[in-house]
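The working numbering puts the first residue of the sequence shown at 9, with every later residue one more than the last.
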Amino acid sequence: MNQQCCYQLSALPLKLVFGGLAEILTDELSSKYQVEAGFQPKHWVLRIYHNGAVIPAPTQLDDKVLPEARVRRLFQQALQKVGQLGMHYLNEADKFGLMNASNQIEELCKLRAA
């Protein structure tokens, strides 16, 4: 467990956690990491937080490249964009997953700000 950030790393398949959203989310996140950090992610690892929030992050990423708070914010932005662009195309399970992930990240950001 990363004591500073309160998350554990897991190599679970993204599709297992995010279902049909996995590919859409990683595509969106890949473009964000290209702009923010200057690299194209090749492999992903899951950061699992104490409140159950799960954030995919590139394996080549550490706090020296991008701070943990920025990683959370990028994922939150990706969730919002996917929700805006594809909510009417998603099945009920993916809509629930998207809303649940958004709520958990929002809670995590509030806890970190306090």
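Beta carbons: idealized from backbone N, C-alpha and C, even for Gly.
The structure displayed is predicted, hence computed values, not measured ones.
Discussion item. Alpha carbons only, please: which of Asn59, Ala19 and Leu33 is nearest the one belonging to glutamate 115?
Written reply: In the sequence shown, residue 115 corresponds to position 107, counting from 1. Checking every option, the nearest Cα to that of glutamate 115 belongs to Asn59.
Worksheet item: What does a CB cutoff of less than 7 Å around valine 73 pick up in its chain, not counting 5 residues either side in sequence?
Response: Position 65 of the sequence shown, counting from 1, holds the residue named residue 73. Around valine 73: Ala45.
Fill in: Simplified DSSP assignment, three categories, for tyrosine 41
For the purposes of this step, residue 41 is taken as residue 33 along the sequence shown, with counting starting at 1. Here tyrosine 41 sits in helix by DSSP.
Worksheet item: If you count every other CB in all the chains shown that lies within 10 Å of the CB of leucine 17, and 16 or more means buried, which is it?
Response: Position 9 of the sequence shown holds residue 17. When all chains shown are included, leucine 17 counts as exposed.
Worksheet item: Which residue spans inside the stretch 55-100 form an unbroken alpha helix (DSSP H) run of at least 4?
Response: 76-94
Practice prompt. Would you mind reading off the limits of the beta strand (DSSP E) that contains isoleucine 22?
Written response: Stepping through the sequence shown from its first residue, residue 22 is reached at position 14. Checking the displayed sequence, the identity of residue 22 turns out to be leucine instead of isoleucine. That residue, leucine 22, is in no beta strand (DSSP E); its alpha helix (DSSP H) goes 22-26.
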